[in-house]
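So the sequence lines, in the order shown, correspond to chains Y and G.
Using the numbering used here, you'd call the opening residue of the first sequence number -16 and step up by one each time.
Using the numbering used here, you'd call the opening residue of the second sequence number 187 and step up by one each time.
Where is the CB? At the ideal position from N, CA and C, for every residue including glycine.
All values derive from a computational prediction rather than experimental measurement.
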Amino acid sequence: AQSVTQPDIHITVSEGASLELRCNYSYGATPYLFWYVQSPGQGLQLLLKYFSGDTLVQGIKGFEAEFKRSQSSFNLRKPSVHWSDAAEYFCAVARYSSASKIIFGSGTRLSIRP
Amino acid sequence: DAGVTQSPTHLIKTRGQQVTLRCSPKSGHDTVSWYQQALGQGPQFIFQYYEEEERQRGNFPDRFSGHQFPNYSSELNVNALLLGDSALYLCASNVQGIRDTEAFFGQGTRLTVV
């Protein structure tokens, strides 16, 4: 069965500290992989995506993610977080591009400590 | 560019009633997908419309139905509302047939069933 697991429900990080959000997926073939961010009262914004090529993907707002096939993981990182990064983050997979059905994880809520 | 617009933003309905949610896709987009996001969970795919036909469907009962109009806008209808239908309903649009096309999400309609 296709699924996405985000093991951390809630993470608190100090402003300026580094961040890593974990994501593991289960999929029959190599899927498209995504990270989305959702701020309160907002829709979903795509941070980055991966399908092939360099396993380290750069996204918007200074985020990056690394695809590790052997671990079925696609962890999101940021070297220095800002208070404005506080939001809900969703890892997701799809068979094709995001034009197809997207399967989302349950999300990780990120809080920033001043 | 107005992006993906959804209406209404909030809605309160009584159990057993019917509801219609509306979505206007981003300019130039021809495909609309609907997602249900229950509180504290990731979005779940309901269905996708292209060329006025349902192309893909997630694991939702027949109470959930949709429609796409010639101008690509879409409606989501839910009949015989249950308390468990309370959620944020997200609409996403994209362009079919373009590799690596990105889905853009609206801000959603918050449905509360009482």
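Item	Value
Quick one, which of 209(G), 227(G), 270(G) and 228(G) has its alpha-carbon nearest residue 219(G)'s?	209(G)
May I ask you to verify whether the region 41 to 57 of chain Y touches the region 86 to 95 of chain Y, counting CB pairs closer than 8 Å and requiring at least 3?	no
Run the CB neighbour count on residue -5(Y), radius 10 Å, all protein chains shown included, and call it buried at 16 or more, exposed below.	exposed
Report the partner residues of residue 301(G) according to the DSSP bridge assignment.	In this structure chain G extends from 187 to 300, so residue 301(G) is not present and cannot be described.
Is the CB-CB distance between residue 19(Y) and residue 57(Y) below 8 Å?	no
So, at 8 Å on beta carbons, what are the nonlocal neighbours of residue 200(G) in its own chain, with the 5 sequence-adjacent residues on each side left out?	267, 299 and 300
Please classify residue 286(G) as buried or exposed, where buried requires at least 16 other C-beta atoms within 10 Å of its C-beta.	exposed
If we count Cβ pairs, one from each stretch, closer than 8 Å, do we get three or more for the region 44 to 64 of chain Y versus the region 253 to 273 of chain G?	no
Taking Cβ positions only, does residue 29(Y) come closer than 8 Å to chain G?	yes
Helix or strand or just coil, what does DSSP make of residue 44(Y)?	helix
Kindly indicate if chain B contains any beta-carbon less than 8 Å away from that of residue 44(Y).	In the structure shown, chain B cannot be found, because the protein chains are Y and G.
Which whole-angstrom value is the C-beta distance of residue 26(Y) and residue 255(G), which I expect to be below 8 Å?	That pair is no contact at about 21 Å.
Mind checking which residues open and close the beta strand (DSSP E) that includes residue 232(G)?	230 to 236
Going by CA-CA distance only, name the one from 37(Y), 36(Y), 53(Y) and 31(Y) that's closest to residue 47(Y).	31(Y)
By the DSSP assignment, the beta strand (DSSP E) with residue 10(Y) in it spans what residues?	Segment: none, residue 10(Y) is in no beta strand (DSSP E) and carries neither H nor E.
Within the 8 Å Cβ cut-off, does residue 214(G) reach chain Y?	no
Assuming residue 223(G) and residue 289(G) are in contact, meaning their beta carbons sit under 8 Å apart, how far apart are those beta carbons, in whole angstroms?	About 14 Å; that fails the 8 Å criterion.
Within 8 Å (strictly less), CB to CB, does residue 294(G) reach chain Y?	yes
Look up residue 292(G) in the DSSP assignment and say whether it is helix, strand or coil.	coil
Hey, quick one: how far does the beta strand (DSSP E) through residue 77(Y) stretch, first residue to last?	70 to 77
Please report the residue range of the beta strand (DSSP E) in which residue -12(Y) lies.	-14 to -12
As an exercise, report each continuous beta strand (DSSP E) stretch of at least 3 residues that is fully enclosed by the region 10 to 37 of chain Y, in chain order.	15 to 21 and 27 to 33
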